[in-house]
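Residue numbers (our numbering), protein chains in the order written: chain A, -10 to 230; chain B, 17 to 214.
Next comes the structure, spelled out in structure tokens:
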């Protein structure tokens, strides 16, 4: 199978053999795939290695059967996002989340655009936490775990801005408390749900609540292996003066 | 052709070296057996000795057979300068560029997806080194990959409270490089890091 050059982002690189690289790619056309880029780590191919870096859009073409393809064309794309400082750590996070949540060979062109949008925001002065929450919401929707944010799942009433809801991780928000032994839930304000829906956070409290809600939901989906980039981010925050 | 079992083992073992495939390994094995037996014996002895005795310098973590490597033990080095690199091979490269300060070798870079975090890079050992030495400037010479940048940023934040000057190796056009063949990313770094002609 040959795949013509199409827009891609690198999620993660690993050295492979002497001079090659095994790379996890998020392709707009093909979704998440693993490719081998032969010879790119050789001294003469420095340009290729510079292109095969996360956070820059590239045009990649490849061939191959089965799980792993081989890169046969590589060119710079039209955009590059220079993530600086702590936002590099956030970049690791969205890359790891994308790798862990997407299945291979499942195209998600809308999520690809959302991913690029998130990188663009992280490379500018946009609020880092808001950007991450919106991307989390979008990726959950793309992989079939979309959140209920507009109504109470029991009464079907619209979300009340000032009320406190029990968000059951696998179902949605409800004013009444679920049986906590069987249904794990997070307590959250209606305003947080509305902010997540509108993708605009006005209060720091809502942003903090959205963070803990997303953390619980994602942990439930990912299972026992935690996100390594989150651990790095936490130790980074601890070492800040 | 049927090879002797020992020769097959030798060929297989030689393939652990970088850049050596089956064919090269066989050529090396035959060459050693035919005309370089003495050199091969010497190689075997040195290999065993090196593997047994070379560990890590307790101060900078580079390869060393003594507690402190030659750089850390020397009185001629500028102890106010500390260069942080990813691997012992980088120490060698920077040494060639006439650097005269101390080093700290991370033995990798931050890469959460590969399970490499601050603990694996010995950053606590770096803190101890900074407590011990009177370092005035840290030169971050980690790679120019995303992981190298993140590592440099992490360390710069970590040492900020000490008030030590932190610098990063400059990025730009290689000596003798033709502009038309340089990738746009490197060129944009070279442009933003341009300096006035004196």
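The beta carbon of each residue, even a glycine, is placed where N, CA and C say it ideally should be.
Spatial neighbours of residue i in its chain, beta-carbon cut-off 6 Å, leaving aside the 5 residues before and after
i                     : result
residue 69 (chain B)  : 81
residue 2 (chain A)   : 10, 12
residue 69 (chain A)  : 45
residue 181 (chain A) : 195, 198, 199
residue 67 (chain B)  : none
residue 112 (chain A) : 70, 71, 72
Helix, strand or coil at residue i according to DSSP, with G and I counted as helix
i                     : result
residue 62 (chain A)  : strand
residue 61 (chain B)  : helix
residue 176 (chain A) : strand
residue 48 (chain A)  : strand
residue -3 (chain A)  : strand
residue 178 (chain B) : helix
residue 189 (chain B) : coil
residue 196 (chain B) : helix
residue 11 (chain A)  : strand
residue 155 (chain B) : strand
residue 143 (chain A) : coil
residue 150 (chain A) : coil
residue 25 (chain A)  : strand
residue 71 (chain B)  : strand
residue 193 (chain A) : helix
residue 204 (chain B) : helix
residue 29 (chain B)  : helix
residue 4 (chain A)   : strand
residue 172 (chain B) : helix
residue 37 (chain A)  : helix
residue 183 (chain B) : strand
residue 212 (chain B) : coil
residue 20 (chain B)  : coil
8 Å contact criterion, which residue i and residue j should meet: CB distance rounded
i                     : j                     : result
residue 177 (chain A) : residue 161 (chain A) : Wrong, their Cβ atoms sit about 11 Å apart, outside the cutoff.
residue 59 (chain A)  : residue 0 (chain A)   : No, residue 59 (chain A) and residue 0 (chain A) are not in contact; Cβ-Cβ is about 18 Å, not under 8 Å.
residue -4 (chain A)  : residue 48 (chain A)  : 6 Å
residue 46 (chain A)  : residue -2 (chain A)  : 6 Å
residue 136 (chain A) : residue 152 (chain A) : Contact doesn't hold; Cβ gap of about 17 Å is too wide.
Residues of its chain near residue i, where Cβ-Cβ distance is below 7 Å and the 5 sequence neighbours each way are ignored
i                     : result
residue 175 (chain B) : 146, 154, 182
residue 51 (chain A)  : -8, 24, 58, 59, 60, 61
residue 75 (chain B)  : 84, 88, 145
residue 179 (chain A) : 148, 149, 150, 151, 152, 154
residue 219 (chain A) : 82
Residues of its chain near residue i, where Cβ-Cβ distance is below 8 Å and the 5 sequence neighbours each way are ignored
i                     : result
residue 145 (chain A) : none
residue 126 (chain B) : 132, 133, 134, 137, 163, 166, 167, 170
residue 94 (chain A)  : 19, 20, 21, 22
residue 202 (chain B) : 187, 188, 189
Near the ligand PLP: residue i beta-carbon under 7 Å from a heavy atom
i                    : result
residue 34 (chain B) : Among the components of this structure there are no ligands whatsoever, and the ligand PLP is therefore not found.
Three or more C-beta pairs below 8 Å linking the region 107 to 122 of chain A and the region 41 to 57 of chain B: Because the criterion of three Cβ pairs below 8 Å is not met, the region 107 to 122 of chain A and the region 41 to 57 of chain B do not touch.
4-residue-minimum alpha helix (DSSP H) runs that sit fully inside the region 51 to 108 of chain A, ordered along the chain: If only uninterrupted alpha helix (DSSP H) runs of at least 4 residues are considered, those enclosed by the region 51 to 108 of chain A are 75 to 90.
Cβ pair count under 8 Å reaching 3, the region 72 to 81 of chain A against the region 161 to 180 of chain B: Flag = yes, the region 72 to 81 of chain A and the region 161 to 180 of chain B touch.
Touching by the beta-carbon criterion (3+ pairs, under 8 Å), the region 149 to 160 of chain A and the region 202 to 220 of chain A: Contact check between the region 149 to 160 of chain A and the region 202 to 220 of chain A: three or more CB pairs, one atom from each, fall below 8 Å, which counts as touching.
Any 3 or more C-beta pairs closer than 8 Å across the region 84 to 100 of chain B and the region 116 to 125 of chain B: Yes: the two stretches touch, three or more of their Cβ pairs being nearer than 8 Å.
At least 3 beta-carbon pairs within less than 8 Å: the region 182 to 191 of chain B vs the region 14 to 33 of chain A: In short, these stretches do not touch, since the Cβ pair count stays below three.
Start-end ranges of the alpha helix (DSSP H) lying completely within the region 82 to 146 of chain B, minimum 4 residues: Taken in chain order, the complete alpha helix (DSSP H) segments of 4 or more residues contained in the region 82 to 146 of chain B are 86 to 89, 104 to 112.
contact_flag[the region 50 to 64 of chain A, the region 191 to 200 of chain A] where n(CB pairs < 8 Å) is 3 or more: Contact fails between the region 50 to 64 of chain A and the region 191 to 200 of chain A, because fewer than three Cβ pairs, one in each stretch, are under 8 Å apart.
The region 124 to 136 of chain A / the region 103 to 110 of chain A touching (three or more Cβ pairs under 8 Å): Judged by Cβ distances under 8 Å, the region 124 to 136 of chain A makes contact with the region 103 to 110 of chain A, as three or more pairs qualify.
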